[in-house]
Ligand SMILES: *Cc1c(COP(=O)(O)O)cnc(C)c1O
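Numbering (the numbering used here), first residue to last: -14 to 370.
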């Protein structure tokens, strides 16, 4: 019996060829391939500007800076997210204020955001958690009224749609990740997208030490213009090696999404027939990419979440506990007393788990995962044991 991993990136000979070309060209740092990746990404995500970065985390940092968020400001974020979402506001001296999430989507809603908004709130980071599109329109209505910037953490969202267009397109700024745990990968990497030209221009500079002339432009001239550093910048650049892989990956996106949705549908069909288990699903307003196929192990199920994970491990299936809750981490102890109650976040963090789902997952392997769940469902109820 071979082990089934929870996630595996889909990379092939095309990526190898693309990398070889970059190496043979002699230009491996940020250059023409990054520019092309940005152009193609912007086009595919229906936005005017895309700025490649070293990660989604650095894109979130730049997003907050260009949106003018700083010391003393509050940024509403879901606690129910990878820690980077909550970390980002602290980089600019702002305070992350945790909003609860909806039980069916795992995402913040206009109601959960409204519950924690204050006069200090300057931005909200909404997340397409696990690739489930967040319901932007009601959040937009709330934020426009209060002059709050909407940043979308679309780290998991490539290939998901909201109202018929790509997620992220309706936010003021969006941040994307190309970590191997996401649908598209460049090893490490990220992207900032926006329709605001000033913000895009500033982000482009800030990611490269806030240099007035990019290294790529200077290289193109024999007599280089002296550069000016008007503000403190960062090195958040993506390399041309990464971008070359990214361009190939972007071309694979429709096929990746098609396959993931096919596998998700197979999971959903079986799980719908198991009382006590509930699977993530498309919301009414969009389609997900099933970056994470999570199930809710409800209190009336035969085993608890840890019991299901143990049963899967015996079957050599590597599943994972669901999304974390940032507010429970020691890093956020400073604000612990100020947190509003987050009952849905805590329920989902304690009861959900992520099943294996990746492009090359075979139906046979997926059947082994589902058979294990069916057997687990018939296990003796813990309380009866
Ligand atoms: C993965 C992830 C990030 C971090 O992405 P990096 O590219 O690793 O910095 C941020 N937010 C969410 C919701 C994520 O899932």
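All residues carry an ideal CB built from backbone N, CA and C; glycine is no exception.
Keep in mind the model is a prediction, meaning the values are calculated, not measured.
Scanning 110, -9, 150, 133 for the CA closest to the CA of residue 30 turns up 150. Only buried fits residue 137, as 16 or more other CB atoms lie within 10 angstroms of its CB. Of the residues assessed, residue 359 falls on the exposed side of the cut-off, its CB having fewer than 16 other CB atoms within 10 angstroms. Beyond the five residues adjoining it in sequence on each side, residue 35 comes within less than 6 Å, by CB distance, of 23, 26, 27, 176, 178 in the same chain, given in chain order.
In this structure, residue 36 has its CB at a distance of at least 8 Å from all heavy atoms of ligand 1. Not a single heavy atom of ligand 1 lies less than 8 Å from the C-beta of residue 303. Taking every protein chain shown into account, the CB of residue 223 has 16 or more other CB atoms within 10 angstroms, so this residue is buried. Your pair residue 338 and residue 306 checks out as a contact, with CB atoms roughly 6 Å apart and the cut at 8 Å. Burial check for residue 119: the Cβ neighbour count within 10 Å reaches 16 or more, so the residue is buried. Partner residues in the beta bridge of residue 220, as assigned by DSSP, are 193. Distance between residue -1 and residue 144, taken at the CA atoms: about 20 Å. Ligand 1 never approaches residue 86 closely enough for any of its heavy atoms to be under 8 Å from the residue's Cβ. For residue 129, the uninterrupted alpha helix (DSSP H) segment begins and ends at 121 to 131. Between residue 133 and residue 62, the alpha-carbon positions lie close to 13 Å from each other.
In the three-state DSSP reduction, residue 162 falls in the strand class (E or B). Residue side-chain check: residue 356 keeps its Cβ at 8 Å or more from all non-hydrogen atoms of ligand 1. When Cβ pairs closer than 8 Å are counted between the two stretches, the region 2 to 15 is seen not to touch the region 179 to 190, the count staying below three. At least 9 Å separates the beta-carbon of residue 196 from that of residue 221. Residue -6 holds the alpha-carbon nearest to the alpha-carbon of residue 233 among -6, -12, -10. Sequence-distant partners of residue 340 (beyond 5 residues in either direction) whose C-beta falls short of 7 Å from its own C-beta, in its chain, are 252, 278, 280, 304, 354. Under the rule that a run must span 3 or more residues, the beta strand (DSSP E) segments found entirely inside the region 192 to 274 read 262 to 264.
In this structure, residue 174 has its CB closer than 8 Å to one or more heavy atoms of ligand 1. Taking 8 Å as the cut-off, one finds at least one heavy atom of ligand 1 near enough to the beta carbon of residue 114. With fewer than three CB-CB distances shorter than 8 Å, the region 153 to 170 does not count as touching the region 5 to 21.
Excluding residues up to 5 positions away in sequence, 135, 155 lie with their Cβ nearer than 8 Å to the Cβ of residue 125 in the same chain.
Between the region 311 to 326 and the region 69 to 85, the count of Cβ pairs shorter than 8 Å is three or higher; the stretches touch.
Per the C-alpha coordinates, the member of 276, 184, 228, 38 positioned closest to residue 247 is 276.
Between ligand 1 and the CB of residue 275, the shortest heavy atom gap is not smaller than 8 Å.
Closest by C-alpha distance to residue 76, out of 88, 57, 93, 357, is 57.
Taking all protein chains in view, the Cβ of residue 79 is crowded by 16 or more other Cβ atoms within 10 Å, so the residue is classified as buried.
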